[in-house]
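The sequence shown finishes on residue 357 if you use our numbering, and the numbering steps up by one all the way, no holes.
Ideal Cβ positions, reconstructed from N, Cα and C, are used throughout, including at glycine.
This structure is a prediction, so every number in the text was calculated from the model and none was measured.
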Amino acid sequence: MSKPKARPDLKEAIGRARNAAGSAKIPTECGKIITAKAIDNRIFMLAERCLTSGVFADHIDPDRTNPNLPQIIQQKELNFGVEHLFVRKTVGAAFELADATYLPDAVDSDKLLGIALDAASSLASVVEVADDLRRHQDEMREASRAGQLTAAHVPRTPNLIGKVRQSLAALRDVEIGIKNMSALFFPKDVHNEPWDLKFRPALLAKYGDVDGLEAWINAAWGVLAGVANHRHAMIHPNQDKSVSIVDYELQADGSLLAPTIEIAHYDSAVTRRDVIQFLDAQVADISEVFEALLGYLCDLNVRAIIPQFESFVVPLPNGETQRGSHMVWRTAAKEGAPFGAPEANPE
């Protein structure tokens, strides 16, 4: 079926409207826009309590046949914004650091931003599961206080196993994304090359003298290995590895034990613990690793802009943020440079 053709006068009117200055408002519940980034043909707007994206009407209607389209068509991407730590450590950090001014041409900023958006989306799904479980447990507490629960009937969490398995898979997606992010900065020579073959030696070569770095690397790599091993135990259980998810249990004293998870694995075992606490810790840990490795990857690959200056990534102090990120670029004169150095500006 052929596309409808607009009358010349109508097309001209649509053109005037599309070319005129305009604006768009994000949903009120999202709060203020903190920062925005163009990725391919979409504009992503990171706000206090959500992430939205929009495209211009010409992307949807390039022939300008529909006068009823607004200039920008929006879609809410996430119900989480910079008020949420995992968003600041993924999307917030990437929006701030994926800057072509500092990164070499070989690093595709759009791909880097896409990895961060995918990571945030996966983590959001885990947070939503934890929040859903929290709400259900709150409801059970209220029902217990109101005398609506008895020892004869133990409550059940709707689709508990499915939700937790979905979360383990989502965390694994973030782990894969981190390794793909590394490959943007340190491309593999062959497909089966270890993801950190070039990255880890470069990290140790530049920062090896920093106290505690090697211990931190071991811990961060351990987080990534644990996420991968947990999913492997879930989908390939055997006598050495498995995931056990148990719903509410009635205790001998009449109290209810909230849903728990236990993971048997020869390298990454998790003792039995509350499901919500486990998911919260996993999101916090892998978000921290994502942000830190992104910062290191950028700092190790910064382009030389002006010979007398050097640029680097720094964390802001005391939990401060800039445009939703705890990490920022800084540029300073090199020691002994003809301008900006102490000897060139005596007091």
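- As for any alpha helix (DSSP H) of minimum length 4 sitting wholly inside the region 159-222, the runs are 170-195 and 209-217, ordered along the chain.
- Bounds of any beta strand (DSSP E) do not take in F90, whose DSSP letter is neither H nor E.
- For I49, the closest of L123, D115, C60 and A57 by C-alpha to C-alpha distance is L123.
- Apart from the 5 residues on each side of it in sequence, N311 sits with its Cβ closer than 7 Å to the Cβ of L113, P114, V117 and F195 in its chain, given in chain order.
- DSSP places K251 in the coil class of the three-state scheme, outside both helix and strand.
- Assigned with DSSP and collapsed to three states, Q84 falls in strand.
- Along the region 226-289, the beta strand (DSSP E) occurs as fully enclosed runs of 3 or more residues at 252-256, 270-274 and 280-284, listed in sequence order.
- Following the DSSP letters along the chain, one finds R340 inside the beta strand (DSSP E) bounded by residues M337 to A343.
- When DSSP states are grouped into helix, strand and coil, E320 belongs to the strand group.
- Pairing D128 with R182, the inter-Cα distance amounts to about 12 Å.
- By the C-beta criterion, the region 229-245 is judged to be in contact with the region 291-305, since at least 3 inter-stretch pairs fall below 8 Å.
- Taking a 10 Å sphere around the C-beta of Y276, we find fewer than 16 other C-beta atoms and assign the residue as exposed.
- In the structure shown, I36 falls within a coil segment according to DSSP collapsed to helix, strand and coil.
- Between Y258 and P197 the beta-carbon gap is near 49 Å, outside 8 Å, which marks them as no contact.
- Beta-bridge annotation (DSSP): F105 is not paired with any residue.
- Take H336, set aside five residues on each side of it, and the residues of its chain with a beta-carbon closer than 8 Å to its own are R98, K99, G102, A103, E301, P325, L326, G329 and E330, in chain order.
- Rounded to the nearest whole angstrom, the CA to CA distance from D148 to I83 is 38 Å.
- In the DSSP assignment, the residues bridged to L56 are T45 and L61.
- An exposed status is given to K216, since fewer than 16 other beta-carbon atoms sit within 10 Å of its beta-carbon.
- Exposure of E22 is indicated by the presence of fewer than 16 other C-beta atoms within 10 angstroms of its C-beta.
- The three-state secondary structure of P114, taken from DSSP, is coil.
- Taking the Cβ atoms as the reference, I271 lies roughly 7 Å from V280, within the contact range of under 8 Å.
- Between the alpha carbons of V256 and A314 lies a distance of about 55 Å.
- Counting only residues of its own chain and dropping the five nearest sequence neighbours on each side, L178 has a CB closer than 6 Å to the CB of H240, R241 and M244.
- Look at P325 here: in three-state DSSP terms it is strand.
- Inclusion of I70 and L61 in the CB contact set at 8 Å is not warranted, their separation being larger than that value.
- DSSP places V139 inside the alpha helix (DSSP H), whose first and last residues are S119 to R155.
- Measuring C-alpha to C-alpha distances from R333 to each of P37, A34 and E93 identifies E93 as the nearest.
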